[in-house]
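Sequential numbering of the sequence shown, starting at 8, is according to the numbering used here.
Note sheet for the following structure.
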Amino acid sequence: MDVYLDVDSPEEVFEHLNHVYNNKFYDEDEPMPLCHIFGQQMWHSNAYLIANRTALLELKEAIDVALKHDETRLGLMPSDGEGYDLFIKCVEDNFEWEELEMPYHDRECYVPDETVGLPPNKTFKKYKL
């Protein structure tokens, strides 16, 4: 569980952590955040995000955190129950996009450029990936 703390006193930190912890778990009748993310296979192909309401609300909250703190991590799961982390990064307008690997994953249509040296996980500073 990731928690961003913007308070200084130990009492406020403890209060904030308790609040997050007490509101983080799902009730038995509450749906789990289910989310399937299908990336682009090649240029101009579509990408898809299919999620239930719970996952979309958590994604919305995570995007707000990334906008405020530059990056965040969100725990989600596909319908088979195998959880994964979605890392979200907000970069500056002058970010060196040409240094970042392209997101295409169909190796029959797209062969990655080996000279591009920035995998997506290396853009995150607050997480050791």
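For each residue, glycine too, the CB sits at the ideal point set by N, CA and C.
Computed from a predicted structure; not experimentally measured.
Around the beta carbon of Pro40, 16 or more other beta carbons lie within 10 angstroms, which makes this residue buried. Following the DSSP letters along the chain, one finds Glu68 inside the alpha helix (DSSP H) bounded by residues 60-76. In chain order, Pro38, Pro40 place their CB closer than 6 Å to the CB of Thr61, counting only its own chain and leaving out the 5 sequence neighbours on each side.
As the crow flies, the alpha-carbon of Leu125 is around 30 Å from that of Leu64.
By the criterion of at least three beta-carbon pairs nearer than 8 Å, the region 64-76 is not in contact with the region 106-114. For Pro119, the closest alpha carbon among the candidates Asp77, Gln48, Asp34, Leu24 is that of Gln48. Closest by C-alpha distance to Thr122, out of Asn59, Glu89, Glu105, is Glu105.
With 16 or more other CB atoms across the displayed protein chains lying within 10 angstroms of its CB, Leu81 is buried. With fewer than 16 neighbouring CB atoms inside 10 Å of its own CB, Leu136 falls in the exposed class. Glu78 is positioned such that its CB atom lies closer than 8 Å to that of Ile95.
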